[in-house]
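Working notes, structure below.
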Amino acid sequence: NFRGQHGKAYLFNSVVNVTAGDASERHMTTGRHIVRDITCRQCNETVGWKYDKAFEASEKYKEGKYILEAELLCNVT
């Protein structure tokens with residue numbers, strides 16, 4: 001059960017067709033993290049973020065993984 005700024009979100013080990021931005025420190029509900037926004041390669045819209053570093057021991061499992069926010073995704077044919 002993950003949540004983003006726009007509601008339901010999903011954690012993935014890897015994603016395709018995205019570009020990662022610059023790393024920045026963010027204070028989230030689960031603690032302090034170093035993250036990078038990820039954008040769609042086709043439309044250049046932000047679709048989620050990548051976790052580079054988690055400072056809380058209980059959040060370390062997120063490092064190197066990606067969050068995609070359901071509300072920001074669309075079907076492409």
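Take the sequence shown: its letters are residues 1 to 77, numbered as in UniProt numbering. Here a beta-carbon is modelled for each residue, glycine too, at the ideal position from N, C-alpha and C. Given the structure is predicted, the values throughout are model-derived calculations rather than measurements.
Taken through DSSP and simplified to helix, strand or coil, K65 comes out as coil.
Counting only runs of at least 3 residues, the UniProt domain "Yippee" (1–77) fully encloses the following beta strand (DSSP E) elements, listed from N- to C-terminal order: 2–4, 7–12, 18–28, 31–40, 46–54 and 66–69. For the pair D52 and I67, the CB atoms are not nearer than the 8 angstroms cut-off.
When C-alpha distances from C43 are compared across K65, T19 and S58, the shortest belongs to T19. When rounded, the separation of the alpha-carbon atoms in K62 and N75 is 26 angstroms.
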